[in-house]
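Student: Okay, handing you the structure first.
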Amino acid sequence: MRTLFLLGLALGAWALAQPEKRAVVIEGSNLVRIGGVGSFSVSQEAEGIVGVIEDTVIRSNRFVFIPAPGQAFEEGKRVVRVGKISAADAAVFQPALVSVAPAVRQRLEPLVAQLDPATAQGVRVEREDLEVTGSLLVIVEESGEGTILGPLEAQAASGQGAQPLILRSESSSGQLLFDLDTDLVVIEGGAGFDDNGASGRADEIAYDQKLGVAVLRCLGAEPCRATDSGGNEVVAAEIEYSTRSGNLRARQRERPRQLVELRLSLN
16 MRTLFLLGLA
26 LGAWALAQPE
36 KRAVVIEGSN
46 LVRIGGVGSF
56 SVSQEAEGIV
66 GVIEDTVIRS
76 NRFVFIPAPG
86 QAFEEGKRVV
96 RVGKISAADA
106 AVFQPALVSV
116 APAVRQRLEP
126 LVAQLDPATA
136 QGVRVEREDL
146 EVTGSLLVIV
156 EESGEGTILG
166 PLEAQAASGQ
176 GAQPLILRSE
186 SSSGQLLFDL
196 DTDLVVIEGG
206 AGFDDNGASG
216 RADEIAYDQK
226 LGVAVLRCLG
236 AEPCRATDSG
246 GNEVVAAEIE
256 YSTRSGNLRA
266 RQRERPRQLV
276 ELRLSLN
């Protein structure tokens, strides 16, 4: 009896020591799964599906779950595509319908047809005080790395006035990169910010949610330009802006360590 008791304690301790899988959980909507190919959820409302992964909330009307490259289809190891999915995303499930029983195929075909990209809406991602709207979110569950494709806009609380800080992509080809393990987001492909009278434009902007600091960086010969709420302009290859103090300052052209690590992990 004592041996069984000790074995039970050991197994309990081992179970507690195992890290929980990081996965997108769908609330209030059933997932349709087709074998090992993947699963999906469809709504006719713009933000009719809510997904949660750790402290991040995702809202859209299309969620598609597929295996990560080289991985079996398993919760915690999926790639999740949310929002304005492509025709290729919708076609992922078609070949699998051929191999199922006729009765099952008859039930699944109308559901797969609802994935129609023509009626797919964009995505809204909420993480603490940051809210991002974009066309498509791609997130890898195991690593927690995500990309939101433009056109996109992010809003966060500001210490400079009643209006929120606005971060936006300056082109439809821009994208926002994030990692669930950090407080940093990066907008690439041309970016701008507006904050209660302060504004700036750059090739890319890194924003630290915890510090409330945005770093503007220009990669070519043309420098970044930013103006504070008092009309004072700073022109430099790299500019730091604090949403708490409202101060702008030129920086040496170097990337914060956290930004370097994030970009390396996402490339």
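With the numbering used here, letter number 203 in the sequence shown gets 218, and the count goes up by one each step, no holes.
We treat Cβ as the ideally placed atom computed from N, Cα and C, and that holds for glycine.
Here the structure is a predicted model, which means the values were calculated and not measured.
Within this structure, are the beta carbons of Val57 and Val107 separated by less than 8 Å?
Tutor: no
Student: Kindly indicate which three-state DSSP category Gln224 falls into: helix, strand or coil?
Tutor: In the structure shown, Gln224 sits in coil (DSSP, three-state: anything other than H, G, I, E or B).
Student: Could you check what DSSP says for Asp104 in three-state terms: helix, strand or coil?
Tutor: In the structure shown, Asp104 falls within a helical segment according to DSSP collapsed to helix, strand and coil.
Student: Taking the DSSP output, what are the residues bridged to Gln190?
Tutor: Gln190 is bridged to Leu164, Glu203.
Student: Of all the alpha helix (DSSP H) runs that stay within the bounds of the region 50-116, which reach a length of 4 or more residues?
Tutor: 102-106, 109-113
Student: Please determine if the region 194-201 and the region 245-261 are in contact, where contact requires at least 3 C-beta pairs separated by less than 8 Å.
Tutor: no
Student: Within 10 Å of its beta-carbon, does Leu182 have 16 or more other beta-carbons around it, so buried, or fewer, so exposed?
Tutor: buried
Student: Does the beta-carbon of Gly207 have 16 or more other beta-carbons within 10 angstroms, so that it is buried, or is it exposed?
Tutor: buried
Student: Assuming contact is defined by CB atoms lying nearer than 8 Å, are Gly137 and Ser150 in contact in what I supplied?
Tutor: With contacts defined by Cβ atoms closer than 8 Å, Gly137 and Ser150 form a contacting pair.
Student: Leaving out five residues before and five after Ala83 in sequence, what residues of the same chain have Cβ atoms less than 7 Å from its Cβ?
Tutor: Lys92, Arg93, Val94, Val155, Glu157
Student: Going along the chain, which residues of its own chain have a beta-carbon closer than 7 Å to the beta-carbon of Ser244, five neighbours each way excluded?
Tutor: Gln175, Asn211, Gly212, Ala213, Gly261
Student: Answer yes or no: the CB of Ala169 versus the heavy atoms of the ligand MG, is any distance below 7 Å?
Tutor: The ligand MG is not among the ligands present in this structure, which contains no ligands whatsoever.
Student: Could you tell me which residues DSSP puts in a beta bridge with Thr242?
Tutor: Ser214, Glu248
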